[in-house]
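Structure record follows, encoded as structure tokens.
Residue numbers (this note's numbering): 260 to 739.
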């Protein structure tokens with residue numbers, strides 16, 4: 260379970276800096292670009308229509324959402340090509356996934372330190388924040404997808420859904436701790452290290468940098484894919500049936516992997532690096548994506564990838580404008596947002612821990628049934644948030660959000676069963692390409708809709724994302 264500690268640290272980094280970074284951009288825009296007073300910008304959520312400068316509130320929030328789309332474009336578009344090389348490489352090179360984890364944590368640590376400087380030098384141009392998004396390109400935006408690939412590569416097929424659920428729970432726990440921590444610190448006055456700040460962001464970015472650095476150290480010394488795989492197969496591997504066919508999951512089934520391991524042990528670091536920049540990596544990914552497979556498996560693979568595209572579109576689209584939406588409609592500040600989001604995360608964690616064993620082990624729901632339940636919950640959450648434009652809408656939506664994680668678990672578990680273990684890196688590379696394409700598209704579309712509808716039809720973004728959920732449900736039904 261050592262990968263869980265890595266994922267926990269990375270997610271704590273990612274989430275503890277997410278909303279404070281949005282708020283830093285918002286503060287810089289409000290003070291430095293629109294020349295508003297610090298008191299006005301500090302109390303922006305509570306500014307109502309009676310204030311003479313109310314229109315600056317909408318402009319500031321819309322511009323802040325636009326910067327989220329810039330972040331997605333900078334970090335993900337270059338990573339798409341880079342990821343095509345990395346995908347086949349992590350299948351060929353035994354320590355490939357570990358290398359991605361190391362690069363991902365190191366670059367995210369650097370990003371946090373750069374944002375710390377942006378907070379410390381508050382009066383600098385807001386566009387300097389864009390520079391902090393560049394380092395993560397080196398990881399090919401693959402850190403998240405590689406974590407799922409790591410789980411699939413080290414887990415017997417009959418336990419894939421369970422272990423991916425554990426990963427989702429780890430994500431939620433990291434998110435929860437991060438929310439509680441930044442919510443406690445964000446409004447501390449006076450801000451630490453720099454009195455120019457409106458909110459206390461610098462210390463939060465330092466904490467996120469330390470978290471990413473701990474993830475780097477943990478990965479360097481603790482993660483070992485071969486040992487994790489051997490441990491799981493020794494204790495949990497047995498012969499089982501997946502989708503109507505026998506799948507041998509004991510140690511005998513990994514003879515091919517053992518042979519690959521033996522050949523890789525003699526691979527030098529220099530040869531591994533040469534393999535990384537081999538154009539055949541891209542060719543192998545494309546061949547794996549389009550090669551014929553038995554029993555319509557190729558069509559199923561692409562339908563599942565389409566479903567994951569839709570899921571990520573909603574998952575990434577919502578956070579790109581969510582905080583600004585709650586500021587505008589509910590009047591919540593960052594501390595309020597942290598508290599209410601933490602309540603939702605606690606509810607999700609409790610639901611996951613109690614409901615997962617029932618649906619997977621007792622009722623033995625298949626992967627696509629889990630996916631449909633998840634998308635239904637996600638769609639109802641979007642409709643509720645778009646229709647009930649008050650905090651009550653958020654509270655009601657929590658009941659539906661508890662099942663949304665099932666969509667991702669079901670899709671990725673089903674995909675892992677459609678391809679051989681030795682192709683998982685290449686297939687999950689396709690997901691990385693999806694991960695790279697979705698953020699700039701989802702955040703850009705959401706930014707346009709948010710800017711044009713926030714004053715007149717505030718729930719339009721959520722209605723649009725509910726429509727994406729309907730498309731995803733159709734793809735899931737076709738792939739079953």
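Beta carbons: idealized from backbone N, C-alpha and C, even for Gly.
Residue i to residue j span [Cα, whole Å]
i	j	result
residue 389	residue 583	19 Å
residue 476	residue 482	10 Å
residue 321	residue 360	34 Å
residue 391	residue 369	8 Å
residue 469	residue 373	13 Å
residue 601	residue 594	11 Å
residue 337	residue 396	7 Å
residue 709	residue 719	8 Å
residue 538	residue 688	15 Å
residue 323	residue 280	10 Å
residue 553	residue 649	51 Å
residue 471	residue 332	22 Å
residue 367	residue 310	40 Å
residue 419	residue 729	26 Å
residue 712	residue 704	12 Å
residue 555	residue 659	33 Å
residue 437	residue 444	11 Å
residue 549	residue 341	20 Å
residue 317	residue 456	21 Å
residue 314	residue 665	40 Å
residue 542	residue 626	30 Å
residue 296	residue 558	57 Å
Residue j beta carbon less than 8 Å from that of residue i
i	j	result
residue 431	residue 700	no
residue 232	residue 727	Lying before the first or after the last residue shown, residue 232 is absent from the chain, which here runs from 260 to 739.
residue 277	residue 371	no
residue 364	residue 547	no
residue 282	residue 319	no
residue 312	residue 299	yes
residue 579	residue 702	yes
residue 576	residue 473	no
residue 275	residue 564	no
residue 426	residue 406	yes
residue 657	residue 603	yes
residue 302	residue 698	no
Cutoff 6 Å; reference residue i; Cβ partners in own chain excluding five residues on either side
i	result
residue 628	none
residue 447	459
residue 652	643 and 644
residue 663	633, 636 and 637
residue 721	641, 644 and 645
residue 560	677
residue 325	706
residue 655	643
Which of helix, strand or coil DSSP assigns to residue i
i	result
residue 564	helix
residue 720	helix
residue 647	coil
residue 385	coil
residue 583	helix
residue 380	coil
residue 713	coil
residue 661	coil
residue 447	coil
residue 625	coil
residue 459	coil
residue 552	coil
residue 570	helix
residue 360	helix
residue 310	coil
Chain-order list of residues whose beta-carbon lies under 7 Å from that of residue i (same chain, five-residue window excluded)
i	result
residue 598	442
residue 731	566, 569, 570 and 634
residue 631	732 and 735
residue 596	278, 582 and 585
residue 387	377
residue 329	389
residue 304	586, 590, 591 and 592
residue 339	692, 695 and 696
residue 383	377
residue 385	284, 287, 288, 291 and 292
Own chain, CB closer than 8 Å to residue i, minus 5 neighbours either side, in chain order
i	result
residue 567	667, 670, 671, 674, 690 and 693
residue 461	375, 378, 379, 450, 451, 452 and 453
residue 608	428, 431, 432 and 435
residue 737	562
residue 572	697, 700, 701, 724 and 727
Residue i CB to nearest heavy atom of the ligand SAH below 7 Å
i	result
residue 736	You won't find the ligand SAH in this model; it holds no ligand whatsoever.
Test: residue i CB closer than 8 Å to a CB of chain C
i	result
residue 710	The chain inventory of the structure shown lacks chain C, comprising one protein chain alone.
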